[in-house]
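According to this note's numbering, the sequence shown is numbered sequentially starting from 3. Just so you know, even glycine gets a beta-carbon here, dropped at the ideal spot from N, CA and C. These figures come from a predicted structure and were not determined experimentally.
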Amino acid sequence: MRKHILLIVATLLPLVTFAGTAHPNATVYVDKNGIMRWSDSRKEASFFGVNYTLPFAHAYRVMDYLHIDHKEAIDKDVYHFARLGLNAYRIHIWDVEISDQQGNLLENTHLDLLDYLIARLKERNIHIVITAMTTFGNGYPERNQPTDGFSYLYDKCEVHDHPEAVAKQENYISNLVSHINPYTGKAYMDDSSVIGFEINNEPCHAGTQQQTREYINRMLAAMRKAGNRKPVFYNVSHSMQQIKTYYSTPIQGTTYQWYPIGLVAGHTRKGNFLPYVDSFNIPFQDVKGFSNKAKLIYEFDPADITYSYMYPAMARTFRTAGFQWITQFAYDPIDMAWANTEYQTHFLNLAYTPQKAISMKIAAEVVQEIPLYTSYGGYPADTLFGNFRVSYQEDLSEMNTPAKFYYSGTTSTQPVQPEKLESITGYGNSPVIQYEGTGAYFLDKLSEGIWRLEVMPDAVQVNDPFARPSLKKEVVTILWNSWDMEVNLPDLGNNFTITGINNGNTYTDTSSGNHIRQLTPGVYLLKGTNAKEIEQWQKDTQWKTIKLNEYVAPAPHCKKYYVSHTPVKQVSTGEPLPIKAIIAGPQQPDSVIIYTDKVSFWNARNPYIKMEKTSGYQWEAEFPAEQTNTGQLRYHIVVYKEGQSYTFPDATTGGPLDWDFMGTNYFETEVSPSGSPILLATITTGYSDLAAYTIPEEKGQIKRQVIKNSPVEEQILRLTFHSEAENPAFYLRKYIREEIQGKLNEINMDSKVCIHLKNAPEQFRIGFITANGFTYRSECAYNSSEPIVRIPLSQMSQTATAILPHAYPIFLDKYFIPQTTLPFLPEEIETFELFFEGKTNNTYEVEIGSCWIE
Numbered sequence: 003m004r005k006h007i008l009l010i011v012a013t014l015l016p017l018v019t020f021a022g023t024a025h026p027n028a029t030v031y032v033d034k035n036g037i038m039r040w041s042d043s044r045k046e047a048s049f050f051g052v053n054y055t056l057p058f059a060h061a062y063r064v065m066d067y068l069h070i071d072h073k074e075a076i077d078k079d080v081y082h083f084a085r086l087g088l089n090a091y092r093i094h095i096w097d098v099e100i101s102d103q104q105g106n107l108l109e110n111t112h113l114d115l116l117d118y119l120i121a122r123l124k125e126r127n128i129h130i131v132i133t134a135m136t137t138f139g140n141g142y143p144e145r146n147q148p149t150d151g152f153s154y155l156y157d158k159c160e161v162h163d164h165p166e167a168v169a170k171q172e173n174y175i176s177n178l179v180s181h182i183n184p185y186t187g188k189a190y191m192d193d194s195s196v197i198g199f200e201i202n203n204e205p206c207h208a209g210t211q212q213q214t215r216e217y218i219n220r221m222l223a224a225m226r227k228a229g230n231r232k233p234v235f236y237n238v239s240h241s242m243q244q245i246k247t248y249y250s251t252p253i254q255g256t257t258y259q260w261y262p263i264g265l266v267a268g269h270t271r272k273g274n275f276l277p278y279v280d281s282f283n284i285p286f287q288d289v290k291g292f293s294n295k296a297k298l299i300y301e302f303d304p305a306d307i308t309y310s311y312m313y314p315a316m317a318r319t320f321r322t323a324g325f326q327w328i329t330q331f332a333y334d335p336i337d338m339a340w341a342n343t344e345y346q347t348h349f350l351n352l353a354y355t356p357q358k359a360i361s362m363k364i365a366a367e368v369v370q371e372i373p374l375y376t377s378y379g380g381y382p383a384d385t386l387f388g389n390f391r392v393s394y395q396e397d398l399s400e401m402n403t404p405a406k407f408y409y410s411g412t413t414s415t416q417p418v419q420p421e422k423l424e425s426i427t428g429y430g431n432s433p434v435i436q437y438e439g440t441g442a443y444f445l446d447k448l449s450e451g452i453w454r455l456e457v458m459p460d461a462v463q464v465n466d467p468f469a470r471p472s473l474k475k476e477v478v479t480i481l482w483n484s485w486d487m488e489v490n491l492p493d494l495g496n497n498f499t500i501t502g503i504n505n506g507n508t509y510t511d512t513s514s515g516n517h518i519r520q521l522t523p524g525v526y527l528l529k530g531t532n533a534k535e536i537e538q539w540q541k542d543t544q545w546k547t548i549k550l551n552e553y554v555a556p557a558p559h560c561k562k563y564y565v566s567h568t569p570v571k572q573v574s575t576g577e578p579l580p581i582k583a584i585i586a587g588p589q590q591p592d593s594v595i596i597y598t599d600k601v602s603f604w605n606a607r608n609p610y611i612k613m614e615k616t617s618g619y620q621w622e623a624e625f626p627a628e629q630t631n632t633g634q635l636r637y638h639i640v641v642y643k644e645g646q647s648y649t650f651p652d653a654t655t656g657g658p659l660d661w662d663f664m665g666t667n668y669f670e671t672e673v674s675p676s677g678s679p680i681l682l683a684t685i686t687t688g689y690s691d692l693a694a695y696t697i698p699e700e701k702g703q704i705k706r707q708v709i710k711n712s713p714v715e716e717q718i719l720r721l722t723f724h725s726e727a728e729n730p731a732f733y734l735r736k737y738i739r740e741e742i743q744g745k746l747n748e749i750n751m752d753s754k755v756c757i758h759l760k761n762a763p764e765q766f767r768i769g770f771i772t773a774n775g776f777t778y779r780s781e782c783a784y785n786s787s788e789p790i791v792r793i794p795l796s797q798m799s800q801t802a803t804a805i806l807p808h809a810y811p812i813f814l815d816k817y818f819i820p821q822t823t824l825p826f827l828p829e830e831i832e833t834f835e836l837f838f839e840g841k842t843n844n845t846y847e848v849e850i851g852s853c854w855i856e
């Protein structure tokens with residue numbers, strides 16, 4: 003009888019809901035103060051999750067390209083949503099794919115997949131906001147694909163004002179909200195998992211305020227007539243001239259986005275962006291109607307970075323600003339994340355970006371724990387908030403409570419009460435778990451002495467995920483290697499048993515003390531000597547929103563060797579030169595050797611340096627001081643496996659000692675005497691990544707041109723700035739940490755930053771952004787008779803940090819104003835900056851040559 007009771011309880015467990023709801027059929031309403039609350043408990047409803055687009059557009063097509071079943075793909079990703087503790091999902095529907103030219107709903111594959119996805123999310127207790135229309139094409143990053151959808155007949159900035167188009171949207175949206183999902187048996191408007199609707203994605207209102215008001219009211223009326231009683235939300239961070247109009251309508255919530263460091267850089271961005279997410283100030287909070295509308299973040303992401311410290315900081319700031327619904331854009335489907343083609347500027351997936359994914363799990367906890375409108379001070383004080391910590395220097399997000407210990411990277415933090423721990427999620431090493439693999443792991447207590455361990459396979463980045471995307475290019479590869487693991491938990495003790503329980507996993511062993519031998523990716527039951535209720539936990543037992551033996555991971559697909567190595571740009575003569583590389587391949591290398599360009603096939607003995615594996619995929623070596631002679635040090639890294647060699651950076655088969663070796667490129671480091679100028683950039687080698695900005699961005703123009711003055715003089719980069727804004731500001735920036743890393747010990751307050759200018763405004767400022775995210779500058783004067791400007795570092799003083807590139811939405815603060823004074827430390831320099839102010843409708847030219855520190 004007890005067994006039958008346990009089975010009944012197990013089947014009911016998925017109905018347990020988030021955020022304090024007591025009944026699975028509870029819905030959400032918006033109170034008079036603009037707070038979303040549960041209908042049964044009247045408690046605040048808080049949501050954190052992702053956008054995910056597999057039923058539509060590029061993601062849908064890629065599943066076809068790769069011959070992958072769409073529904074099986076959805077099942078895999080939704081399982082990972084549950085593992086990450088997400089309770090929110092938002093999608094902007096590509097109406098062009100599920101409507102005809104009259105706005106009628108099409109019962110097609112796209113709609114079927116959306117229905118299926120919603121049903122699977124419902125099973126995992128993940129709630130949904132449906133954005134009914136995008137009113138743009140379905141192509142990105144490809145060309146738009148033709149459909150009969152009504153949106154293709156109208157310009158996006160006219161579709162909301164054109165009488166014929168509005169009528170079609172009324173028809174479409176009423177059919178959508180009343181559409182019955184065959185997998186749930188409920189209409190979207192009657193499904194408790196759907197908390198509400200957003201009318202459209204990022205509307206462009208080019209008409210009058212009266213036209214905008216009439217449009218919104220007609221959409222609301224159409225939805226009410228169809229029977230909808232759920233909250234309806236509207237975007238207020240686009241077409242800002244319509245702000246008062248938005249709030250004069252009976253919408254119940256307003257939606258915003260946040261891309262704090264811009265979009266589509268085309269490469270991985272580097273630096274400390276915590277000052278960028280210190281606040282989310284809405285400048286129109288005094289508009290009539292603002293206070294009784296709920297606030298939702300429909301999309302957010304710190305784009306173009308692989309760091310794992312940002313998500314909890316953004317979640318904290320969202321809560322401080324009063325947001326209850328927060329959904330990242332966009333989670334990459336696991337079956338295509340290896341190439342990151344869907345949205346080049348975004349990259350998030352548990353298997354392929356494990357550290358970022360754990361950071362998302364921590365951010366989900368932030369949203370449930372941090373009360374609305376609670377402030378934790380300004381940066382850097384707010385890097386510690388509640389039970390959470392974020393660190394740029396450690397690239398770390400962390401949650402530490404008596405029951406939960408989550409960390410996105412190796413940490414030395416001690417759990418507050420190890421004996422009370424019930425859940426650990428991590429990457430790398432901690433006082434609780436030591437693990438060399440590069441995948442995420444989850445360790446959850448089921449009952450006394452019994453834990454479920456889930457280990458993801460190793461993910462190794464092999465190309466820049468934010469460069470131009472292609473399904474022909476792998477950006478992260480997956481390996482299924484076996485690694486030892488140490489688990490230090492009082493509840494497990496020593497000599498516990500380990501049993502594989504996912505399909506095909508036959509592993510069984512007893513730990514040696516707390517040491518587990520050679521774990522492969524999979525799911526395991528760990529049983530201590532004090533284990534109780536053992537019979538309750540079978541392979542297919544339901545636990546919270548998952549079954550114990552559920553496991554989703556990509557198959558290993560690393561088919562060749564990769565070497566990820568960034569050479570030190572400059573080093574002093576006679577100084578040892580450390581070499582570090584990430585090396586991944588189908589098997590662990592037999593050996594890794596460094597050869598310089600001095601070796602020759604004809605020599606009987608060629609000098610070499612042997613690299614040693616220090617952990618996981620990390621290999622290290624060092625050029626001794628006697629080998630760092632003045633000049634250019636050029637070298638290959640050669641990977642050996644079973645008699646075959648692979649030489650990098652060209653990834654050429656064979657080695658530099660082969661008579662027919664075809665490699666032509668080298669890793670290079672410039673070696674110069676101590677005290678020599680430390681080069682930051684030249685026109686030919688270092689200004690391709692010199693970023694130029696105007697504030698405000700929307701009224702500025704920048705042109706760049708390389709000028710070759712004569713056969714004798716160096717090339718000059720000419721930048722032309724123009725802005726129609728009142729009192730504009732102009733910036734040049736370059737991340738230089740990698741240029742100076744090898745000579746940091748030579749930089750001090752007596753050093754000078756030097757720049758060759760052939761033309762510039764009379765007054766400008768030169769400075770640096772340091773690892774703490776603060777900006778330090780010095781006033782400068784340009785004199786055409788003295789083209790080399792030299793500024794002592796001792797003259798640098800702290801100032802505001804410009805948030806560049808510009809954040810979206812555009813109404814957000816343009817500057818971070820520090821509340822804390824921190825000294826300028828030359829050893830912390832990361833980014834070079836040149837700044838000057840302009841006047842309205844004036845044009846300015848800057849002609850810049852080399853830049854260095856001496």
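Check, Outcome
"Bounding residues of the beta strand (DSSP E) (the contiguous stretch that carries T696)", "A693 to I697"
"Segment limits, beta strand (DSSP E) that includes D446", "Y443 to S449"
"Backbone CA spacing between K760 and R720 [nearest angstrom]", "9 Å"
"Enclosing beta strand (DSSP E) for D511 [first to last residue]", "T510 to T512"
"Same chain, Cβ closer than 6 Å to H517, five either side skipped, listed in chain order", "E488"
"N- and C-terminal bounds of the alpha helix (DSSP H) containing D493", "Element bounds for D493: n/a, residue is neither H nor E."
"Bridge partners - R767, DSSP secondary structure assignment", "E781 and F837"
"beta-carbon S377 near the ligand ATP non-hydrogen atom, thresh 7 Å", "Ligands are entirely absent from the displayed structure, and the ligand ATP is therefore not among its contents."
"Assigned exposure category for M751 - 16 Cβ within 10 Å defines buried", "exposed"
"Contact the segment 204-217 vs the segment 227-235: 3+ CB pairs below 8 Å", "no"
"E740 versus V673: straight-line alpha-carbon distance, rounded", "15 Å"
"CB contact flag (F302, F331, <8 Å)", "yes"
"Alpha carbon of N389 to alpha carbon of P382, nearest angstrom", "16 Å"
"G198 versus V131: straight-line alpha-carbon distance, rounded", "5 Å"
"Backbone CA spacing between I850 and L123 [nearest angstrom]", "55 Å"
"Minimum C-alpha distance to F837 - residue among V791, G744, K562 and F766", "F766"
"Same chain, Cβ closer than 6 Å to I536, five either side skipped, listed in chain order", "none"
"Cβ contact (3+ pairs, closer than 8 Å) linking the segment 629-642 and the segment 463-482", "no"
"Delimiting residues of the beta strand (DSSP E) encompassing A683", "I680 to A683"
"Cut-off 8 Å between Cβ atoms - residues of its own chain near T512, not counting five sequence neighbours on either side", "N497, F498, T499 and I500"
"8 Å contact criterion, which V862 and A296 should meet: CB distance rounded", "Residue 862 is absent from the structure shown; the chain starts at 3 and stops at 856."
"Whole-angstrom distance between S725 and Y648, CA atom to CA atom", "52 Å"
"Nearest-angstrom Cβ-Cβ length linking E204 and N237, presumed shorter than 8 Å", "6 Å"
"Beta-bridge pairing of V196 - partner residues as DSSP gives them", "I130"
"Complete runs of the beta strand (DSSP E) confined to the segment 259-318 [at least 3 residues]", "296-302"
"Buried versus exposed call for M375 [16 or more other C-beta atoms within 10 Å across all chains shown]", "With the sequence shown as reference, residue 375 is identified as Tyr, and Met is not the correct amino acid for it. Under this definition Y375 is an exposed residue."
"Cβ pair I581, F650 closer than 8 Å", "no"
"Residue of R454, S449, E781 and Y817 minimising C-alpha distance to P277", "Y817"
"One or two residues paired with K232 in a DSSP bridge", "Answer is none; K232 lacks a bridge partner."
"Cβ separation of N504 and Y553, assumed to be a contact under 8 Å, to the nearest whole Å", "4 Å"
"Test item: CB-CB of W260 and M316 under 8 Å", "yes"
"Spatial neighbours of D117 in its chain, beta-carbon cut-off 7 Å, leaving aside the 5 residues before and after", "N183, P184 and Y185"
"Residues sharing a beta bridge with S41, DSSP", "Partner(s): none; S41 has no beta bridge."
"Paired residues, beta bridge with H517 - DSSP", "E488 and S514"
"Beta strand (DSSP E) runs wholly inside the segment 564-610, at least 3 long, in chain order", "564-566, 572-574, 579-586 and 593-598"
"Cβ neighbours of A783 in the same chain (closer than 7 Å, five flanking residues each side left out)", "E764 and Q765"
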